Amino acid sequence: MIAVNHYSSRIFLTVRYLVGLFGLTLTRTSTEITSFRIHAGHGRHDGSRPLPAAVAAVLDDRNPELEDLRARYRRMDSPFRPGSFWRRSRRLRDLNLRYFRGDNAYVWQLRQVGDNARLKFFLLTQYVSGLDTHKLLERTREDGAFGCWAFDFQELPTASRDLLDSVNEMYFLDRHWDLLTREDFTVLDIGAGYGRLAHRMAECVPGLSRYYCVDAIPESTFLSEQYLKYREADAKATVVPLDEMEERLAAAGRVDLALNIHSFSEMPLSAIEAWIGLLARLDVPTLMIVPNEGDKLLSLENDYLRVDFTPVLERHGYVLAAREQTIADPDVRDLVGVGDWFMLFRREGAEQAPDAS
């Protein structure tokens, strides 16, 4: 195992601690130590659209179902449990349950793009619309519910980071895995958050049979359950609590594709090892990862050391099959300030799901 970025991570986090004393925080805009923005140290949301009344009453920090999940997860002696990055005190500062689709730890709706957000979202929407040969932006739309920052345009669809990231991710999977024409397949989303991609894929992908959402954070399990019911996506999307996960997935049969979107990069190596080991036991043939640090596959240890987890993937047979920058157009990428990568791995010796005919 090779530890990387030890000193730069410590410098960055020390500076973030100091500015945090003034109610501010830093957001990295690239892997360079000098590339960051200073902004409010808590999540924000767009409150201009009223909350759906029936769901708003449920989204309470003292909801008995949520309290039960928290207690169950605390009792677990599980290798899947998160590290210090996802301590509850940190999450609650950044997360308002009723406005969980705002700019917070689940989706950086605004903080990564910085100033001139509407102009940058116009460029992003124009870019994703240019990819949209299957008209996904007509199948799934943005209504700005639950505090989501949404931008209206005259000749482009109303857009959000949730919508654009999801559609872009589906087109990457279509290019390299025939997602949109494949039949009868099952997806496992590790670190599914509030169910963003599960909702979009349930609406857009006709061949999807079952989509499992798993997360080691009790708030995520609770929110995704409520959100997918609200979106009426729960006919295909199933939320599996952490303490039921291994038994239920083993009984579920074949899993064809696993996803990890901006989640492994926030875990210690021990948790990543546990998740990849689970995929190997389930013989999941294909894995998509979107890291936080460009195309670097780095864990986040409790002392903020970052460790390359590529050897973990290799040890379990996962080999890189495709990689692309999430925004292929270099001018759009530079103007918007998003430098993420898509990465697809295939497991050697695993039985691959048949390609679409």
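Residue numbers for the sequence shown follow our numbering, so the first one is 23 and each next one is one higher.
Backbone N, C-alpha and C fix where the C-beta goes; we use that ideal spot for every residue, glycine too.
In this text, all values refer to a predicted model and were calculated from it rather than measured experimentally.
Residue i to residue j span [Cα, whole Å]
i           : j           : result
residue 369 : residue 233 : 20 Å
residue 266 : residue 272 : 10 Å
residue 5   : residue 275 : This structure does not reach residue 5, given that the chain is present from 23 up to 379, and the question cannot be answered.
residue 214 : residue 329 : 23 Å
residue 70  : residue 185 : 19 Å
residue 282 : residue 356 : 25 Å
residue 363 : residue 298 : 20 Å
residue 317 : residue 220 : 24 Å
residue 229 : residue 188 : 17 Å
residue 155 : residue 223 : 16 Å
residue 243 : residue 261 : 7 Å
residue 291 : residue 371 : 24 Å
residue 183 : residue 164 : 10 Å
residue 314 : residue 289 : 11 Å
residue 240 : residue 300 : 20 Å
residue 324 : residue 146 : 35 Å
residue 380 : residue 197 : No information on residue 380 is available, as it lies outside the stretch 23 to 379 that the chain covers here.
residue 162 : residue 339 : 35 Å
residue 217 : residue 121 : 14 Å
residue 199 : residue 287 : 23 Å
residue 82  : residue 252 : 16 Å
residue 302 : residue 269 : 15 Å
residue 306 : residue 79  : 38 Å
residue 177 : residue 374 : 41 Å
residue 93  : residue 102 : 16 Å
residue 284 : residue 321 : 11 Å
residue 152 : residue 201 : 18 Å
residue 98  : residue 91  : 11 Å
residue 204 : residue 254 : 22 Å
residue 206 : residue 280 : 15 Å
Delimiting residues of the alpha helix (DSSP H) encompassing residue i
i           : result
residue 92  : 86-97
residue 267 : 267-274
residue 171 : From DSSP, residue 171 is part of no alpha helix (DSSP H); its letter is neither H nor E.
residue 195 : 183-199
residue 140 : 139-153
residue 320 : Note, residue 320: premise wrong, no alpha helix (DSSP H); not H, not E.
residue 303 : 291-303
residue 77  : 75-78
7 Å Cβ shell around residue i - same chain, five flanking residues per side excluded
i           : result
residue 256 : 250
residue 140 : 173
residue 167 : 71, 74 and 123
residue 128 : 122, 215 and 216
residue 337 : none
residue 56  : Its pLDDT being 48, under 50, residue 56 is placed unreliably in this model, and the value from its coordinates should be taken loosely. Nothing listed; no residue qualifies.
6 Å CB neighbourhood of residue i in its chain, flanking five on each side removed
i           : result
residue 365 : 311 and 345
residue 179 : 159
residue 347 : 363
residue 258 : 224, 230 and 233
residue 88  : 244
residue 296 : 101 and 102
residue 53  : Confidence at residue 53 is low in this model, with a pLDDT of 46, below 50, so its placement is unreliable and no value can be given for it.
Whether residue i touches residue j by CB criterion (8 Å)
i           : j           : result
residue 170 : residue 192 : no
residue 319 : residue 332 : yes
residue 304 : residue 277 : yes
residue 293 : residue 86  : no
residue 349 : residue 360 : yes
residue 67  : residue 138 : no
residue 144 : residue 194 : no
residue 351 : residue 95  : no
residue 358 : residue 157 : no
residue 100 : residue 245 : no
residue 354 : residue 248 : no
Limits of the unbroken beta strand (DSSP E) element including residue i
i           : result
residue 346 : 340-347
residue 239 : Unbroken run through residue 239: none, as it is neither H nor E.
residue 211 : 207-212
residue 260 : 259-261
residue 312 : 308-312
residue 279 : 279-283
residue 161 : Looking at the DSSP string, residue 161 is not in any beta strand (DSSP E); the run it does join, the alpha helix (DSSP H), is 158-161.
residue 369 : 363-369
Check your understanding: Are three or more beta carbon pairs between the region 236-245 and the region 207-226 nearer than 8 Å?
Key -> As far as the Cβ criterion goes, the region 236-245 touches the region 207-226, which means the pair count is three or higher.
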